[in-house]
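In my numbering, the protein residues as written are 1321 to 1523. Before any comments, here is the structure.
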Amino acid sequence: MFRESKYSMQVLKCTELTDLPWKNGGGVTRNIAKGLTTDQVAWTISRADVAQDGPFSDFAGMIRILTVVSGGKMALITPEKPLEATLWTPIRFDGGLPVSAQLDDGPLTDLNLMFNPTLCDGQVKVLRGPMEKIIRSPARGLRALHVLAGTPRINSIPLAIGDTAFVDDADQTLSMASADAALEICLTYLDQTEAIKFCSAVR
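And the structure:
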């Protein structure tokens, strides 16, 4: 269940996410958060455990950025050319593109950012320690950090692997040791976009 909330340095713990088994038995999705306008979904962030080969769901009208966060790699077979999804390497493609996944090294977990390009633009990049930086969300949009390894800290608050921290437009200090890694997720809302409500998947 999603709940509307404010996200001033809100941390959604991986251990609090709900398992949603796929109908085909090929995996499990764990929703993290989404953005809603009055009548449509602007963006979603979720984790998925992929247990076997199979087709992706159709998300026509959305752009998808998929990042393998643990496990091996997989080939994404499309009508055009195959895409290779490797560990900690974000790949971007049309959510309506017919895709079938082939696991090369057994089960894996990936993080998915999907967004409506008429409402916002999204970017995902990998951050590796050691480093310390000030982060803030864009004036119209949001920024999130999803932990890949170690225990990064935001304003001295430790995060665990799989946790996602959402930050507002206030300055936040991210500290990462040499063993730490995270995905930085940035969504920028278009100027003409109506208000987008932030909804988390946990209390």
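In this text, a Cβ means the ideal position worked out from N, Cα and C, and glycines have one as well. The model shown is predicted, which means the values in this text are computed figures rather than measured ones.
(request) Going by DSSP, name the residue or residues bridged to I1385. (result) On the sequence shown, residue 1385 is found 65 positions in, with the first residue counted as 1. The partner list for I1385 (beta bridge, DSSP) reads R1412, L1433.
(request) List the whole-angstrom C-beta distance separating Q1330 from S1520, where the pair is believed to meet the contact cut-off of C-beta under 8 Å. (result) The residue you call residue 1330 lines up with position 10 of the sequence shown. The residue you call residue 1520 lines up with position 200 of the sequence shown. With 8 Å as the limit, Q1330 and S1520 qualify as a contact, their Cβ atoms being about 7 Å apart.
(message) Given a cut-off of 9 Å on the beta-carbon distance, is the pair N1436 and M1496 in contact?
(response) Within the sequence shown, numbered from 1, the residue matching residue 1436 stands at position 116. Within the sequence shown, numbered from 1, the residue matching residue 1496 stands at position 176. Taking 9 Å as the Cβ cut-off, N1436 and M1496 do not qualify as a contacting pair.
(message) When you compare the CB positions of I1397 and Q1422, do they come within less than 9 Å of one another, or not?
(response) As a first step, residue 1397 must be located in the sequence shown, where it is residue number 77. As a first step, residue 1422 must be located in the sequence shown, where it is residue number 102. Yes. Within cutoff.
(message) Using a 10 Å radius around the Cβ and a threshold of 16 neighbouring Cβ atoms, would you call N1432 buried or exposed?
(response) Numbered from its first residue, the sequence shown carries residue 1432 at position 112. N1432 comes out buried.
(request) Ignore the nearest five residues each way along the sequence and tell me which others in G1415's own chain have a CB closer than 8 Å to its CB. (result) For the purposes of this step, residue 1415 is taken as residue 95 along the sequence shown, with counting starting at 1. Counting only Cβ-Cβ distances below 8 Å, and skipping sequence neighbours, we find D1378, F1379, A1380, G1381, M1382, I1383, R1384, M1434.
(message) To the nearest angstrom, how far is the alpha carbon of I1481 from that of P1472?
(response) Walking along the sequence shown from the start, residue 1481 turns up at place 161. Walking along the sequence shown from the start, residue 1472 turns up at place 152. Taking the straight line joining both Cα atoms gives about 9 Å.
(message) Given a cut-off of 9 Å on the beta-carbon distance, is the pair K1405 and L1417 in contact?
(response) Here the question's residue 1405 lines up with position 85 in the sequence shown. Here the question's residue 1417 lines up with position 97 in the sequence shown. Contrary to the premise, residue 1405 reads as Ala rather than Lys in this sequence. Not closer than 9 Å, so no.
(request) Pull up the DSSP beta-bridge partners for A1501, would you. (result) Here residue 1501 corresponds to residue number 181 of the sequence shown, with the count starting at 1. In the DSSP output, where bridge partners are listed per residue, A1501 has R1448, A1469.
(message) Run through the DSSP bridge pairs and tell me what E1404 is partnered with.
(response) Residue mapping note: residue 1404 aligns to position 84 of the sequence shown, counting from 1. Per DSSP, A1395.
(request) Flag this pair as yes or no: are the beta carbons of D1488 and L1462 separated by less than 9 Å? (result) Here residue 1488 corresponds to residue number 168 of the sequence shown, with the count starting at 1. Here residue 1462 corresponds to residue number 142 of the sequence shown, with the count starting at 1. For D1488 and L1462, yes; Cβs fall inside 9 Å.
(request) Take G1426 as the anchor and find which of D1511, G1345, D1373 has the nearest alpha-carbon. (result) Here residue 1426 is taken as the residue at index 106 of the sequence shown, counted from 1. Ranking D1511, G1345, D1373 by Cα distance to G1426 puts D1373 first.
(request) Return the chain-ordered list of same chain residues with a C-beta closer than 7 Å to the C-beta of D1500, the five sequence neighbours on each side being excluded. (result) Counting from one through the sequence shown, the residue named residue 1500 turns up at place 180. Once the five neighbours on either side are set aside, the close Cβ partners of D1500 are G1449, A1469, G1470, T1471, P1472.
(request) Please go through the stretch 1336–1362 and give each complete beta strand (DSSP E) segment of 3 or more residues, from N-terminal end onward. (result) 1347–1356
(request) Starting from S1495, follow its DSSP beta bridges and name the residues at the other end. (result) Counting from one through the sequence shown, the residue named residue 1495 turns up at place 175. DSSP, once it has assigned bridges, lists E1452, R1473 as partnering S1495.
(message) One question on the structure: do T1335 and I1516 come within less than 9 Å of each other, judged by their Cβ atoms?
(response) On the sequence shown, position 15 is the one that residue 1335 refers to. On the sequence shown, position 196 is the one that residue 1516 refers to. Result no, Cβ atoms of T1335 and I1516 do not sit closer than 9 Å.
(message) Which residue marks the beginning of the beta strand (DSSP E) containing C1519, and which one marks its end?
(response) The count along the sequence shown starts at 1 and reaches residue 1519 at position 199. Where C1519 is concerned, the enclosing beta strand (DSSP E) stretches over 1517–1520.
(request) Compare the C-alpha of N1351 against each of I1474, A1502, Q1360, P1341 and name the closest. (result) For the purposes of this step, residue 1351 is taken as residue 31 along the sequence shown, with counting starting at 1. Ranking I1474, A1502, Q1360, P1341 by Cα distance to N1351 puts P1341 first.
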